[in-house]
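When we follow my numbering, the leftmost residue of the sequence shown carries the number 91, and every step to the right adds one.
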Amino acid sequence: MSTVILKNIKKEFKGSTVFDSVNLTARSGKVIAIKGKSGVGKSTLLNIIAGLEYSSAGHYYFNNINMSEKNFNDLTSIRGESIGYISQHSPMIPKLSAFENICVPLWFKKEEKKIMNTKLKRIDKLSELFEVQSQLSKKIEMLSGGEIQRVGVIRSLINNPQLVVADEPTGALDDETALKVLSCFHTLKAEGVTIILATHSGIVAEQCDEVYHLTKDGLFLETV
Ligand SMILES: Nc1ncnc2c1ncn2[C@@H]1O[C@H](COP(=O)(O)OP(=O)(O)O)[C@@H](O)[C@H]1O
Ligand SMILES: [Mg+2]
Numbered sequence: 091m092s093t094v095i096l097k098n099i100k101k102e103f104k105g106s107t108v109f110d111s112v113n114l115t116a117r118s119g120k121v122i123a124i125k126g127k128s129g130v131g132k133s134t135l136l137n138i139i140a141g142l143e144y145s146s147a148g149h150y151y152f153n154n155i156n157m158s159e160k161n162f163n164d165l166t167s168i169r170g171e172s173i174g175y176i177s178q179h180s181p182m183i184p185k186l187s188a189f190e191n192i193c194v195p196l197w198f199k200k201e202e203k204k205i206m207n208t209k210l211k212r213i214d215k216l217s218e219l220f221e222v223q224s225q226l227s228k229k230i231e232m233l234s235g236g237e238i239q240r241v242g243v244i245r246s247l248i249n250n251p252q253l254v255v256a257d258e259p260t261g262a263l264d265d266e267t268a269l270k271v272l273s274c275f276h277t278l279k280a281e282g283v284t285i286i287l288a289t290h291s292g293i294v295a296e297q298c299d300e301v302y303h304l305t306k307d308g309l310f311l312e313t314v
């Protein structure tokens, strides 16, 4: 279970307001899309939700934790425990295999052997779901863009996050592959995972449970 509650979030850079009065309540088990024109602040808002940056005003509660009051070290550990972050171009280590790249988040945890076995099972399950089993042992530089993106999604899920924040996760993918990623997100909902993504694509937004429009003056639920 996870909840994301944004209350009157405002972001400014050097005195200039990007957006203001952003409110959102997102409970477990939903795929939520945030649309909005380029430059309106989608990435900035997702960074705030992922605990990668602070809002300038307002409050952000993740699972009842007031994230606005946590220091950056705390945010980093909350992220490591509970939040998966995916961007349009998942940064990978090209000389390492897909499997090794997926395991990078585990470097920061002292995993016991028993836990490691559980992780291996999870990688197995996710790579089947995302159809990249046969690519796991290949170096990242040998994979296609779509495969790399799916490997990035698996990497963000390796620590069983309750919340996945995805910044245009399908931006570099063709429609068919994008829909495959979306259908995987829906599968994750069964685990109680909340997914919040930014997208430009109408096709992607159509597949989401709720679609919001970000403007300078707030976040508005789109009626279908
Ligand atoms: N670190 C930063 N410093 C100054 N301005 C920034 C910074 N990050 C983003 N911005 C500005 O905030 C606005 C929103 O950017 P962004 O969140 O990337 O929008 P979107 O993802 O919707 O295209 C843009 O005008 C951008 O230039
Ligand atoms: Mg962006």
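Glycine included, every Cβ here is placed at the ideal spot set by N, Cα and C.
Source: prediction; values computed, not measured.
Going by DSSP in three states, residue 156 sits in which element: helix, strand or coil?
As a first step, residue 156 is located in the sequence shown; it is residue number 66 there, counting from the start. Strand.
Could you check if residue 134 is buried or exposed, using at least 16 other CB atoms within 10 Å of its CB as the buried criterion?
Here residue 134 refers to the residue found at position 44 when the sequence shown is read from its first residue. Taking every protein chain shown into account, the CB of residue 134 has 16 or more other CB atoms within 10 angstroms, so this residue is buried.
What first and last residue would you give for the beta strand (DSSP E) that runs through residue 135?
The residue labelled residue 135 in the question sits at position 45 within the sequence shown. Per DSSP, residue 135 belongs to no beta strand (DSSP E); it is in the alpha helix (DSSP H), 132-139.
In three-state terms, what does DSSP make of residue 280?
Indexing the sequence shown from 1 puts residue 280 at position 190. Correct three-state label for residue 280: coil.
Could you check whether residue 176 and residue 254 sit closer than 9 Å to each other, using their CB atoms as the reference points?
Mapped onto the sequence shown, residue 254 falls at position 164. Mapped onto the sequence shown, residue 176 falls at position 86. Contact flag set, yes.
Figure out for me which residue from 291, 190 and 244 has the closest Cα to the Cα of residue 265.
As a working mapping, residue 265 is identified with position 175 in the sequence shown. Here the closest residue by C-alpha is 291.
Helix, strand or coil, according to DSSP, for residue 171 in the structure here?
Taking the sequence shown and counting its residues from 1, the one referred to as residue 171 is at position 81. Secondary structure at residue 171: helix, using DSSP grouped into helix, strand and coil.
Please classify residue 235 as buried or exposed, where buried requires at least 16 other C-beta atoms within 10 Å of its C-beta.
As a position in the sequence shown, residue 235 is number 145, starting the count at 1. Counting Cβ neighbours within 10 Å, residue 235 comes out exposed, since fewer than 16 surround it.
Quick check on DSSP: helix, strand or coil for residue 256?
For this step, residue 256 is matched to residue 166 along the sequence shown. It is a strand residue.
Outcome for residue 242 when other beta-carbon atoms lying within 10 angstroms are tallied against a minimum of 16
The residue given as residue 242 occupies position 152 in the sequence shown. It is buried - the Cβ of residue 242 has at least 16 other Cβ atoms within 10 Å.
Residue from 106, 118, 138 and 93 with nearest C-alpha to residue 282:
In the sequence shown, counting from the first residue as 1, residue 282 sits at position 192. Looking at the Cα atoms, 118 is the closest of the given residues.
Buried or exposed: residue 280, going by 16 or more other Cβ atoms within 10 Å of its Cβ?
Working through the sequence shown from its first residue, we reach residue 280 at position 190. It counts as exposed.
Quick one, which of 285, 106 and 214 has its alpha-carbon nearest residue 297's?
In the sequence shown, counting from the first residue as 1, residue 297 sits at position 207. Nearest option by C-alpha distance: 285.
Whose beta carbon lies closer than 5 Å to any heavy atom of ligand 1, going through the chain in order?
By the rule of a C-beta closer than 5 Å to any heavy atom of ligand 1, the residues picked out are 103, 108, 128, 129, 130, 131, 132, 133 and 134.
Report yes if the C-beta distance between residue 146 and residue 218 is below 9 Å; otherwise report no.
Counting from 1 along the sequence shown, the entry for residue 146 is found at position 56. Counting from 1 along the sequence shown, the entry for residue 218 is found at position 128. No Cβ-Cβ contact shorter than 9 Å links residue 146 with residue 218.
Based on DSSP bridge pairs, tell me the residues matched to residue 96.
The sequence position of residue 96 within the sequence shown is 6, counting from 1. Paired residues: 114 and 150.
I want to check one thing, is the minimum distance from the CB of residue 143 to the heavy atoms of ligand 2 below 8 Å?
Your numbering for residue 143 matches position 53 in the sequence shown. Because no heavy atom of ligand 2 lies under 8 Å away, the Cβ of residue 143 does not count as near it: no.
Is residue 288 near ligand 2, judged by its Cβ being under 8 Å from some heavy atom?
As a working mapping, residue 288 is identified with position 198 in the sequence shown. Answer for residue 288: yes, Cβ within range of ligand 2.
Where residue 221 falls: helix, strand or coil (DSSP)
Residue numbering aside, residue 221 sits at position 131 when the sequence shown is read from its first letter. It is coil, neither helix nor strand.
Can you give me the C-alpha to C-alpha distance between residue 132 and residue 304, rounded to a whole angstrom?
Along the sequence shown, read from residue 1 onward, the residue named residue 132 stands at position 42. Along the sequence shown, read from residue 1 onward, the residue named residue 304 stands at position 214. Those two C-alpha atoms are separated by around 7 Å.
Check whether residue 233 and residue 223 have beta carbons under 9 Å apart
As a first step, residue 233 is located in the sequence shown; it is residue number 143 there, counting from the start. As a first step, residue 223 is located in the sequence shown; it is residue number 133 there, counting from the start. Taking 9 Å as the Cβ cut-off, residue 233 and residue 223 do not qualify as a contacting pair.
Here's a check: name, in chain order, each residue in its chain whose Cβ is nearer than 7 Å to the Cβ of residue 238, leaving out the five neighbours to either side.
For this step, residue 238 is matched to residue 148 along the sequence shown. So the qualifying residues of the chain are 180, 182 and 230.
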